[in-house]
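Asks: So the protein lines, in turn, are chains A and B. Under our numbering, the first residue of the first sequence carries the number 1, and numbering increases by one thereafter. Under our numbering, the first residue of the second sequence carries the number 1001, and numbering increases by one thereafter. Just so it is clear, CB atoms sit at the ideal spot from N, CA and C, and this is done for glycine as well. Just so it is clear, the structure is predicted and the values come from calculations on it, not from any experiment.
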Amino acid sequence: MSMVINSYDSLKNWRDSEIDKHLTDSAELNHFHDTVMKNVYEIALERMKVQCGEPPCLFSWFLMGSAGRFEQAIISDQDHGLIYEQSDEKSNEYFQKLGKEITSGLYAVGYPYCDGHVMSSNPVWCKSKREWEAQMTKWLKEESFESIRFLLIFYDARVLVGEEKYVSELKQKIHDYIETKPYFMERLLENTIHVKKAVGVFQQFLTETHGAHTGSIDLKHSGFLPFVNCIRLFALKEKAASSTTLSRIDELSNLPAYTAELDVYRADFEKLLSYRLKQHQKSTEDYDDVHYLDIKELDKAEKKELKNLFKNGKKLQEYTKSIIKGKMQ
Amino acid sequence: MKEIMFSLNSVWLVLGAVLVILMQGGFILLEAGSTRMKNAGHIAGKTVFTFGMASIVFWAVGYGFIFGNSGNFFVGLSDFFYSGKQAEGMNYSTSAYFLFQLAFAGISLTIAFGGFAERAKLTAYVVFSILFSAIVYPIIAHWIWGGGWLAEHGKQDFAGSTVVHLTGAAASLAATILLKPRIGKFNKNGTVNNIYGHNQVFTALGVLVLWVGWFGFNAGSTFVVDDGFFGFVALNTNLAAGAGAIAALIISWMVLGKSDITTILNGALAGLVAITASCAFVETWAAVVIGFVAGILVFYSVKLFDKLKIDDPIFALSVHGAAGIWGTLSNGLFATKELAAVGKPGLFYGGGFHQLGVQAMGVAVCGLFAFVVSFAILYVMKKVMNGLRVTEEEEIIGLDVSEHGSYGYPEAFMKEEQRKEEQKEEQSRLAN
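1. Output the residue ranges of the beta strand (DSSP E) runs that lie fully inside the region 40-120 of chain A and measure 3 residues or longer, sorted by chain position.
2. Here's a check: name, in chain order, each residue in its chain whose Cβ is nearer than 6 angstroms to the Cβ of residue 244(A), leaving out the five neighbours to either side.
3. Counting only C-beta atoms, is residue 1191(B) closer than 8 angstroms to chain A at any point?
4. Can you look up residue 1301(B) in the DSSP assignment and give me helix, strand or coil?
5. Residue range of the alpha helix (DSSP H) that residue 177(A) falls in?
6. Under 7 angstroms Cβ-Cβ, which residues of chain B neighbour residue 197(A)?
7. Would you report the Cα separation of residue 1223(B) and residue 1231(B), rounded to the nearest angstrom?
8. Would you kindly report the start and end of the unbroken alpha helix (DSSP H) that includes residue 1400(B)?
9. The region 1247-1277 of chain B: which residues have C-beta closer than 7 angstroms to a C-beta of chain A, in chain order?
10. Suppose contacts are defined by Cβ-Cβ distances below 8 angstroms. Is residue 1455(B) in contact with residue 1302(B) by that definition?
11. Considering Cα atoms alone, identify which of 1041(B), 1219(B), 1244(B) is closest to residue 1235(B).
12. In three-state terms, what does DSSP make of residue 1366(B)?
13. Since residue 1170(B) and residue 1371(B) are thought to touch, with beta carbons under 8 angstroms apart, how far apart are those beta carbons, to the nearest angstrom?
14. Which whole-angstrom value is the C-beta distance of residue 1141(B) and residue 1056(B), which I expect to be below 8 angstroms?
15. Residues of chain B with CB closer than 9 angstroms to the CB of residue 212(A), please, in chain order.
16. Restricting to Cα atoms, I'd like to know which of 258(A), 228(A), 292(A) is closest to residue 64(A).
17. Name the chain B residues that come within less than 7 angstroms of residue 201(A), Cβ to Cβ?
18. If you measure from the beta carbon of residue 209(A) to each beta carbon in chain B, is any gap under 8 angstroms?
19. Using the C-alpha atoms, what's the distance from residue 1068(B) back to residue 1018(B)?
20. Check whether the Cβ of residue 206(A) lies closer than 8 angstroms to any Cβ atom in chain B.
21. Please classify residue 1211(B): is it buried, with 16 or more other beta-carbons within 10 angstroms of its beta-carbon, or exposed?
22. Go to residue 1279(B), then tell me how far its beta strand (DSSP E) extends in each direction, as first and last residue.
23. Cα-Cα, which of 62(A), 317(A), 137(A) is closest to residue 230(A)?
24. Which of helix, strand or coil does DSSP assign to residue 25(A)?
25. One question on the structure: do residue 1277(B) and residue 1161(B) come within less than 8 angstroms of each other, judged by their Cβ atoms?
26. In the DSSP output, what is residue 1120(B) paired with across the bridge?
27. Using beta-carbon positions only, say whether residue 354(A) and residue 60(A) come within less than 8 angstroms of one another.
28. Does the Cβ of residue 1214(B) have 16 or more other Cβ atoms within 10 Å, making it buried, or fewer, making it exposed?
29. Give, in chain order, every unbroken run of the alpha helix (DSSP H) that is at least 4 residues long and sits entirely within the region 1235-1265 of chain B.
30. Looking only at its chain, what residues have a beta carbon closer than 7 angstroms to the beta carbon of residue 1129(B), apart from the 5 residues adjacent to it on each side?
31. State the Cα-Cα distance for the pair residue 171(A) and residue 237(A), rounded to the nearest angstrom.
32. Report all residues from its chain with a CB closer than 6 angstroms to the CB of residue 1229(B); omit the five preceding and five following residues, and keep chain order.
33. Taking 6 angstroms as the limit between beta carbons, can you name the residues of its chain near residue 1292(B), skipping five residues before and five after?
34. Could you pull out every residue in the same chain whose Cβ sits closer than 6 angstroms to the Cβ of residue 1259(B), ignoring the five residues on either side in sequence?
35. Output yes or no for whether 8 angstroms exceeds the beta carbon distance between residue 1138(B) and residue 1062(B).
36. Nearest-angstrom Cα distance between residue 1341(B) and residue 1158(B)?
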């Protein structure tokens, strides 16, 4: 960025005017999102400095969800958290405030709030290192549906600003736990295996039947999620360090057991990303729009390809089940 | 022996009447469950009131128009303000028969009101219940059951797929067209929103109550118990309902990827509506086929009405209209030589296309008549009464409060109301 941007409003203007130039491919778009979010962070920190001075200790700000996985759509809601070194009152107060500032900053610039409140403004996702460790232990031991959800969300964490190791150490805790309790992988599997069907018995698309997206396919729930969830499970099982779906696939492909299988799925996932990117050129009015693909606008070959992608998502799930349940035997 | 049979037949008719009146309970649950909480008390309560209205009007003029003696091809003309007088030569109590027929008229009216749901003014219910029960239903019932021109023509409609269900549905269609869709049903871009009913358990229970009541409706329509034939009619009725539910499950699963509860419930009802015309004229396997086809038909019919931008809140048009048409036509295919007490056997029993043609004409004429007359009545009402529909504001706050001043579910809504009350009190205290 060449110009100096020091307010959320001007950042939003810049984002809105620039974003069209970055729709060539998904990686390009996500680099752009990273740049914008880093700028939000810098403005937020400047504001904090004016009000409360310098940060009292080292910390890291990390992204989760689609941003963590480096696969955001043109509009994505925010998912992020903070980890800071010291657990004293001063640090707590400072970083809670910073978390709130970043969250409202992101909102002002065009990133909608997360419905599940996975944001630095929420104390659950903004903690000192020691508290994070305690929380991680609690989540692992609890094994409830919610705590497993949280673990899986956290596992996509990618540090955008600050200390890498805070996040990687916490991920290591998850890896260690799975090492001692292999059955835990099955619990993780159960939490993510439900997928919205997209192809019916007659090989017809199962589109939305009511509402504003009638006639469209839910690309997020029917297309992306099986891939994202299955690859994440493999990463957990094999202790992969990457947080993005594509880099996870690359990393896992080095293991002979996965090489052949994942080759196909990598290509599928890239195609899914490009379908969504194509969607961006049209309707991007609100967050929901980017996930729906109107099948009327697809040609015959595209329809065939898309059905194939959904079927492969299903196949990947079966493959994942066999790998994870196989481990148990 | 003759006296015993007279008594038994009369008991059977009153039992049938009771079961058919119980179907109003089924409709109360079905309609309330399929609509929103804010209208629940209204939807449930108005059914009791409109049945009362139908009873009085039927007594005053309806029965006379249908079954009156000095009648002609178009309408009967005696027995107004029926006194309970026993008709000569009848082997059951005429009063019991009257009550049974009255219950049918009530059902047809309730079906017609399906098209009014969640937006019509209470006064529209009052006026239309009089006019429908006095004019629309009696004329069609006379044509087919009262010795009118379609009876002479040989039209088969044993218990009223056309007379009761199609007539009701045609009026419902007229109403829903004139009333226009509920607020929020259709989007500007042409897509359809689901306005979810508030209690699927009520809806399912309503369907079951209707299913049981239908034994009175169909089996009761034998009027007599003499040879136990009513048992066969009841059997066919049950088979069709079951087949309808199964077909609906299968078709929704195949097309939508999920078996849809609303479709399953509609399927059972569609099976019942369809078999109503033919339950005494067809073999058991045919009853299964008729019910099964109805279950599939109702699924596509609902889709069609959505596409046509016709808002049918409780699926009256599809369940009673589409299935009613199919049920009446099915006689023309499946009626057997042995069973066809009226008319001729169907296409699959060597009767050729004759009966199918009779059925088709009956459906077309009755459907059209009921629609046109109902439309005319409602159109005039709309002009005279300054609209059939509540205001936008009233529709949004719900008919429970706008039409009746109290909620079907007070706890769900009152808190806010009470808060407002308190606020008002506070303000007036400050003002003083």
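Replies: Taking the geometry as given:
1. Secondary structure remark: continuous beta strand (DSSP E) runs of at least 3 residues inside the region 40-120 of chain A, in chain order: 59-63, 80-84.
2. Closer than 6 angstroms at Cβ, skipping near neighbours: 69, 70.
3. It does; some Cβ of chain A falls within 8 angstroms.
4. In this structure, residue 1301(B) counts as helix in the three-state DSSP scheme.
5. In the DSSP assignment, residue 177(A) falls within the alpha helix (DSSP H) that extends over 164-180.
6. 1257, listed in chain order.
7. If you take the alpha carbons of residue 1223(B) and residue 1231(B), they lie about 12 angstroms apart.
8. The continuous alpha helix (DSSP H) containing residue 1400(B) extends over residues 1399-1404.
9. Answer set for the region 1247-1277 of chain B: 1254, 1255, 1256, 1257.
10. As displayed, chain B neither begins before 1001 nor continues past 1432, which places residue 1455(B) out of reach and without an answer.
11. That would be 1219(B), whose Cα lies nearest to the Cα of residue 1235(B).
12. When secondary structure is reduced to three states using DSSP, residue 1366(B) falls in the helix class.
13. Rounded, the Cβ-Cβ distance is 4 angstroms, consistent with contact.
14. Taking 8 angstroms as the upper bound for CB-CB distance, residue 1141(B) and residue 1056(B) are not in contact here, some 17 angstroms apart.
15. Chain B residues near residue 212(A): 1187, 1189, 1191, 1193.
16. Check the Cα spacing between residue 64(A) and each of 258(A), 228(A), 292(A): the tightest is with 228(A).
17. The contacting residues are 1254.
18. Chain B contact via Cβ: present.
19. Approximately 24 angstroms between the Cα atoms of the pair.
20. Yes, its Cβ sits closer than 8 angstroms to a Cβ of chain B.
21. Around the Cβ of residue 1211(B), a 10 Å sphere holds 16 or more other Cβ atoms; the residue is buried.
22. Element bounds for residue 1279(B): n/a, residue is neither H nor E.
23. Ranked by Cα distance from residue 230(A), the options 62(A), 317(A), 137(A) are led by 317(A).
24. If DSSP states are grouped into helix, strand and coil, residue 25(A) belongs with coil.
25. Contact flag set, yes.
26. Paired residues: 1389(B).
27. One cannot answer for residue 354(A) here, as it falls past the ends of chain A, which runs 1 to 329.
28. Looking at its Cβ environment, which holds 16 or more other Cβ atoms inside 10 Å, residue 1214(B) is buried.
29. Fully enclosed alpha helix (DSSP H) runs of 4 or longer: not present.
30. Close CB contacts of residue 1129(B) within its chain, under the 7 angstroms cut and outside five residues either way in sequence, are with 1050, 1053, 1054, 1109 (chain order).
31. Rounded to the nearest angstrom, the two C-alpha atoms are 12 angstroms apart.
32. So the list reads 1222, once near-sequence residues are dropped.
33. Correct list, in chain order: 1243, 1247.
34. Answer for residue 1259(B): 1249, 1252, 1253, listed in chain order.
35. Yes, they are a contact pair.
36. In a straight line, the C-alpha of residue 1341(B) is about 10 angstroms away from that of residue 1158(B).
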